[in-house]
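Worksheet: one structure, shown below.
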Amino acid sequence: MTSGGIGRSVSAWAAGAFALFGGTAWANPEPNQLNMTKGAAEWSPYAMHMVALWVCVVIGVVVFGAMFVAMFRFRKSRGAVAEKWTHSTKLEVVWTVVPVIILIFLAHLATGGLTSFADTTNADMTIKVTGYQWKWRYDYVDYKGKGVDQVGFMSKLEETSDRTRQLKSNLDPDKIQVDGYHTYLLDVDKPLVVPVGTKIRFIIVGGDVIHSWWVPALGWKMDAIPGIANAAWTKIKEPGVYRGQCAELCGQDHGFMPIVVKAVPKAEFEQWLATQEDEAKVRKAAQTAQNAPAPAPQG
Amino acid sequence: MAHAATHDHHDHHGAPKGFFQRWVMSTNHKDIGTLYLIFSLTMFFIGGAFAMVIRAELFKPGMQLVQPYFFNEMTTMHALVMIFGAIMPSFVGLANWMIPLMVGAPDMALPRMNNLSFWIMPFAFILLLSTLFMPGGGPAGGWTMYPPLSLQGESIAYTIFAVHLMGISSIMGAINIIATILNMRAPGMDLLKMPVFVWSWLITAFLLIAVMPVLAGAVTMLLTDKYFHTNFFNAAGGGDPVLFQHIFWFFGHPEVYIMILPAFGIISEIIPTFARKPIFGYRAMVFAIASIAFLSFIVWAHHMFAVGLPMGAEIFFMYATMLIAVPTGVKVFNWVSTMWGGSMTFETPMLFSIAFVILFTIGGFSGLMLALAPADFQYHDTYFVVAHFHYVLVTGAAFSIMAAAYYWIPKWSGNMYSETWGKIHFWSSVISVNVLFFPQHFLGLAGMPRRIPDYNVAFANFNMISSIGGFWFGASQLIFLGVVIHCVFFSKKKAADRSWEGAKGLEWTVPSPAPFHTFDVPPVIHDDELAHGNTEH
Chain A
186 MTSGGIGRSV
196 SAWAAGAFAL
206 FGGTAWANPE
216 PNQLNMTKGA
226 AEWSPYAMHM
236 VALWVCVVIG
246 VVVFGAMFVA
256 MFRFRKSRGA
266 VAEKWTHSTK
276 LEVVWTVVPV
286 IILIFLAHLA
296 TGGLTSFADT
306 TNADMTIKVT
316 GYQWKWRYDY
326 VDYKGKGVDQ
336 VGFMSKLEET
346 SDRTRQLKSN
356 LDPDKIQVDG
366 YHTYLLDVDK
376 PLVVPVGTKI
386 RFIIVGGDVI
396 HSWWVPALGW
406 KMDAIPGIAN
416 AAWTKIKEPG
426 VYRGQCAELC
436 GQDHGFMPIV
446 VKAVPKAEFE
456 QWLATQEDEA
466 KVRKAAQTAQ
476 NAPAPAPQG
Chain B
3 MAHAATHDHH
13 DHHGAPKGFF
23 QRWVMSTNHK
33 DIGTLYLIFS
43 LTMFFIGGAF
53 AMVIRAELFK
63 PGMQLVQPYF
73 FNEMTTMHAL
83 VMIFGAIMPS
93 FVGLANWMIP
103 LMVGAPDMAL
113 PRMNNLSFWI
123 MPFAFILLLS
133 TLFMPGGGPA
143 GGWTMYPPLS
153 LQGESIAYTI
163 FAVHLMGISS
173 IMGAINIIAT
183 ILNMRAPGMD
193 LLKMPVFVWS
203 WLITAFLLIA
213 VMPVLAGAVT
223 MLLTDKYFHT
233 NFFNAAGGGD
243 PVLFQHIFWF
253 FGHPEVYIMI
263 LPAFGIISEI
273 IPTFARKPIF
283 GYRAMVFAIA
293 SIAFLSFIVW
303 AHHMFAVGLP
313 MGAEIFFMYA
323 TMLIAVPTGV
333 KVFNWVSTMW
343 GGSMTFETPM
353 LFSIAFVILF
363 TIGGFSGLML
373 ALAPADFQYH
383 DTYFVVAHFH
393 YVLVTGAAFS
403 IMAAAYYWIP
413 KWSGNMYSET
423 WGKIHFWSSV
433 ISVNVLFFPQ
443 HFLGLAGMPR
453 RIPDYNVAFA
463 NFNMISSIGG
473 FWFGASQLIF
483 LGVVIHCVFF
493 SKKKAADRSW
503 EGAKGLEWTV
513 PSPAPFHTFD
523 VPPVIHDDEL
533 AHGNTEH
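Protein chains in written order, with our numbering: chain A, 186 to 484; chain B, 3 to 539.
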């Protein structure tokens, strides 16, 4: 919003409000988005979030409502005379017990969410994610029970964004678009390609400092910590491009290491994977022929 | 020779004449309280200036003003200065001024240590702030100082020594407060007749003593990891970066309540005064503070839901965290019930207190949402969290401090502040602070991580609104400065001893301004004079 300013913002409210209550699911951040994305994966905390939100709204209306009634009715300027009571056991029991019941309900929901999230077993494929200052590395470990041979690559902020984000570059972030979506700081040179409808286990580690791998459309983030192999899973429902960012402060370019997950139909993915494996083989052969010391395989 | 001078005649008359004698050598709880308050207000503006840099850079997409590394220095320093320099010392200042007056004690129990615990603070902050002018720059790894990132910084040693000094100061302050409350109450000031503010500080002081050494230990391990080749947090050497987070948050979560429990105390004094009705459920209020303090020790890992804890740990910390909603709810309901059936007027301290109850509760709501671990996988480290903790710390802690300043400044200065300008300050602050922080909920939910210097254009509108609110809120605090200076030096309106019609408690039985020495002889206490003298329950 370098041009429109507040005016455009206000006029866009209607759309935003409609989206909030109309329940439109955005996979990627949209201008004036008010609410959490429903996500594109099987596991999503969206429903949990909405229940908690409405519980809070209802309690808020009751409590603040009572406060405003009190502020209106019991003003000295309206001749209110202070009463003397300071205690009511009945009321105090009520407002201790009722919150406990609400909390048990919320805890039940949340425990279910945690249990399903923690189950990384029976995955159809495994991808290792490594966070570096300030880029991500993806290594395909296995797919459908078979090991994947040397498919892995670095993924970093694409060049136009990188030029634009330099201090006083005078380049317009608004101009960076892919298929009509503004991708400033949310696009990479090489996205992570994954199949839809497949349970994918991610093994997430940190290469130098702690990072956090977060794609809002997948519904979770997981820290990438040196020395610890964290696990998480997703099963993406719809093909699409899902964008995210590093979510743990990791140094000066923390804001500039986006994540792009490209979910494609299974057949397309298998084709892509085969091509990658072939390329890796060719690369390896070329290296052996040159008899050069083998560098780390890079995409 | 010493015996001849044991009885100093000036001791019990007035303040020492010389500036250095009076302020630097002070052992008087009121003067030291004033020093703390002035210091914290100064830090509030310095930390605020850092916040202005942050909001200016985030005004629109693209990097316009500062390098990303400097931006990180600003977020780190803003937090350190606001937490350790503004919020905590101002509560200590209020404790210094008010606790002896409220319990009928002539001074703090350990007056010389009181002097030392204040005068450490300026040196700690000179050490910390000086890093900004050094070649390597200031700390830029966040106030949480997570390794390995924080160990990459060149100024980590300065930061650690500054934290050590602040910790020593806090521990000494806490010892002093506990000793004063437990030993120096006037006869008849039973523990369960004490003002809630005094209770809240008694409990807070125990929290401080319990957790400041933990922080000191954590940062000392950082220091030895950096300079003495230990491997506490170095995975390559067999250490564990997550260990630091556990230790840090074992300090950090009680620390959060250190910054809010005294606020609960303040609000529990102000609302009954302006509702002209005793506080509802005095004992429940005290027990609620105590149980929140207890719970604060068993919830630390809710700051770490995304580090990959085992599921059992996530469930435990989630349940424990959710439990906090119960005593906190009791407090909010009791404040509302205190207002119900009262005879209310809305002077500036009351306005800030009402805003506190509403906006702190909003911060509590987002806190409840954050407690739900699966949802936190989404909220964690986003602007939703930034909005949450600014609601509890700015419209919570900082608003309560402003309420306290307006409430007690007649007692401190002997003058009434300008009610008109106080109200202008209030309305300007309360509107701008919501313009500043409410849109950050949306930004976080939409997917904007915290601690980033630049962002996708989708986040542009709400960031611009937030920045405008930020500049407005910052400017509003200059009004506060003006009101305070006017009240202390220029106000013609003298304050009565009992400055507010509904005010009760020992502090209102001494003259305004409070003389240099009060309660040389313990007061005779009549329960009717106390704010909480006749609580049955």
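Yeah, the Cβ is synthetic: ideal placement off N, Cα and C, and Gly gets one too.
These figures come from a predicted structure and were not determined experimentally.
Point to revise | CB-CB length for residue 354 of chain B against residue 318 of chain B, believed under 8 Å | key: The C-beta distance from residue 354 of chain B to residue 318 of chain B rounds to 37 Å, too long to meet the 8 Å contact threshold.
Practice item. Within 10 angstroms of the Cβ of residue 430 of chain A, are there 16 or more other Cβ atoms? Answer buried if so, exposed if not. Key: Classification for residue 430 of chain A: buried.
Point to revise | Neighbour list for residue 439 of chain A in chain B, Cβ cutoff strictly below 7 Å | key: The contacting residues are 453 and 454.
Practice item. Report the residues of the segment 413 to 442 of chain B with a CB closer than 7 Å to any CB of chain A, ordered along the chain. Key: The segment 413 to 442 of chain B vs chain A, Cβ under 7 Å: nothing.
Check your understanding: How many whole angstroms separate the CB atoms of residue 403 of chain A and residue 224 of chain A, which I take to be in contact at a CB cut-off of 8 Å?
Key -> Confirmed, about 7 Å.
Check your understanding: On the three-state DSSP scale, how would you describe residue 240 of chain B?
Key -> Collapsing the DSSP output to three states places residue 240 of chain B in coil.
Check your understanding: Of all Cβ atoms in chain A, is any one closer than 8 Å to the Cβ of residue 144 of chain B?
Key -> With respect to chain A, the C-beta atom of residue 144 of chain B has a partner C-beta closer than 8 Å.
Check your understanding: Taking Cβ to Cβ, would you say residue 142 of chain B is nearer than 8 Å to residue 59 of chain B?
Key -> No, the Cβ-Cβ distance between residue 142 of chain B and residue 59 of chain B is not below 8 Å.
Review point. Going along chain B in order, which residues have a C-beta closer than 9 Å to the C-beta of residue 234 of chain A?
Key: Contact of residue 234 of chain A with chain B by beta-carbon distance below 9 Å involves 371, 374, 376, 377, 380, 381 and 447.
Exercise for review: Verify whether the separation of the beta carbon atoms of residue 408 of chain B and residue 351 of chain B is less than 8 Å.
Suggested key: Yes, Cβ-Cβ distance for residue 408 of chain B and residue 351 of chain B is below 8 Å.
**Study point:** Nearest neighbour of residue 268 of chain B, chosen from B:128, B:522, B:398 and B:320 [CA to CA]
**Key:** The residue with the shortest Cα to Cα distance from residue 268 of chain B is B:398.
Point to revise | Presumed contact (8 Å Cβ cut-off) between residue 34 of chain B and residue 42 of chain B, rounded CB distance | key: Going by Cβ atoms, the distance from residue 34 of chain B to residue 42 of chain B rounds to 13 Å, so no, they are not a contact pair.
Review point. Should the segment 182 to 195 of chain B be called in touch with the segment 216 to 235 of chain B, which here means at least 3 C-beta pairs below 8 Å?
Key: Flag = no, the segment 182 to 195 of chain B and the segment 216 to 235 of chain B do not touch.
Check your understanding: List, in order along the chain, the chain A residues whose C-beta lies closer than 9 Å to that of residue 347 of chain B?
Key -> In chain order: 260, 261 and 262.
Check your understanding: Does the segment 117 to 132 of chain B come close enough to the segment 170 to 178 of chain B that 3 or more CB-CB pairs lie under 8 Å?
Key -> With a cut-off of 8 Å, the segment 117 to 132 of chain B and the segment 170 to 178 of chain B count as touching, because enough Cβ pairs lie within range.
Review point. Is the Cβ of residue 210 of chain A closer than 8 Å to any Cβ of chain B?
Key: Reliability fails at residue 210 of chain A, whose pLDDT of 49 lies under 50, so the model's placement of it is uncertain and the value that follows must be treated cautiously. Not closer than 8 Å to any Cβ of chain B, the Cβ of residue 210 of chain A fails to qualify, so no.
Point to revise | Segment limits, alpha helix (DSSP H) that includes residue 129 of chain B | key: That run of the alpha helix (DSSP H) goes 113 to 132.
Exercise for review: Could you list which residues in chain B have their beta carbon closer than 8 Å to that of residue 350 of chain A, in chain order?
Suggested key: One finds 64, 65 and 456 in chain B with Cβ atoms closer than 8 Å to the Cβ of residue 350 of chain A, taken in chain order.
Practice item. Check residue 457 of chain B in the structure and name its three-state DSSP category. Key: Looking at residue 457 of chain B - three-state DSSP - the assignment turns out to be coil, as it is neither helix nor strand.
**Study point:** Beta-ladder partner(s) of residue 342 of chain A, from DSSP
**Key:** Residue pairing for residue 342 of chain A: DSSP places it in a beta bridge opposite A:373.
Practice item. Since I believe residue 261 of chain B is in contact with residue 54 of chain B (beta carbons under 8 Å), could you give me their beta-carbon distance rounded to a whole number of angstroms? Key: Not confirmed; about 22 Å, so no contact.
Review point. Using 8 Å as the limit for Cβ to Cβ distance, is residue 207 of chain A near chain B?
Key: Caution is warranted here: a pLDDT of 39 is assigned to residue 207 of chain A, below 50, making its placement in the model unreliable, and no coordinate value can be reported.
Check your understanding: How is the beta strand (DSSP E) around residue 450 of chain B delimited, first residue to last?
Key -> First-last for residue 450 of chain B: undefined, no H or E at that position.
Exercise for review: Under the assumption that residue 518 of chain B contacts residue 16 of chain B (Cβ atoms under 8 Å), give the Cβ distance between them as a whole number of angstroms.
Suggested key: About 5 Å; that satisfies the 8 Å criterion.
Exercise for review: Use the C-beta contact count for residue 445 of chain A: other C-beta atoms within 10 angstroms, 16 or more gives buried, fewer gives exposed.
Suggested key: A buried status is given to residue 445 of chain A, since no fewer than 16 other beta-carbon atoms sit within 10 Å of its beta-carbon.
Practice item. Would you mind telling me which residues of chain A sit closer than 8 Å to residue 327 of chain B, beta carbon to beta carbon, in chain order? Key: The contacting residues are 284 and 288.
Check your understanding: Going along chain B, which residues have a C-beta under 9 Å from residue 413 of chain A?
Key -> For residue 413 of chain A, the neighbours in chain B by C-beta distance under 9 Å run, in chain order, 237, 242, 243, 244, 309 and 310.
**Study point:** DSSP three-state assignment for residue 397 of chain A, whether helix, strand or coil
**Key:** Of the three classes helix, strand and coil, the one that applies to residue 397 of chain A here is strand, per DSSP.
Review point. Going by Cα to Cα distance, which pick from B:412, B:515, B:342 and B:231 is closest to residue 269 of chain A?
Key: Of the candidates B:412, B:515, B:342 and B:231, the residue whose Cα lies closest to the Cα of residue 269 of chain A is B:342.
Review point. Quick one: complete alpha helix (DSSP H) runs, 4+ long, within the segment 48 to 75 of chain B?
Key: None, since the segment 48 to 75 of chain B contains no complete alpha helix (DSSP H) of that length.
Practice item. Would you check whether the ligand GDP has a heavy atom nearer than 7 Å to the C-beta of residue 462 of chain A? Key: You won't find the ligand GDP in this model; it holds no ligand whatsoever.
Review point. Over what stretch of residues does the beta strand (DSSP E) that includes residue 316 of chain A continue unbroken?
Key: For residue 316 of chain A, the enclosing beta strand (DSSP E) begins and ends at 310 to 317.
Review point. How is residue 336 of chain B classed by DSSP in three states: helix, strand or coil?
Key: In the structure shown, residue 336 of chain B sits in a helix (DSSP, three-state: H, G or I).
Point to revise | Start and end residues, beta strand (DSSP E) containing residue 443 of chain A | key: Residue range 443 to 449 is occupied by the beta strand (DSSP E) that includes residue 443 of chain A.
Point to revise | Helix, strand or coil at residue 137 of chain B according to DSSP, with G and I counted as helix | key: Residue 137 of chain B falls in the coil class under three-state DSSP.
Practice item. Sort out for me which residues DSSP pairs residue 328 of chain A with in a bridge. Key: Note: residue 328 of chain A sits in a beta bridge opposite A:310 and A:331.
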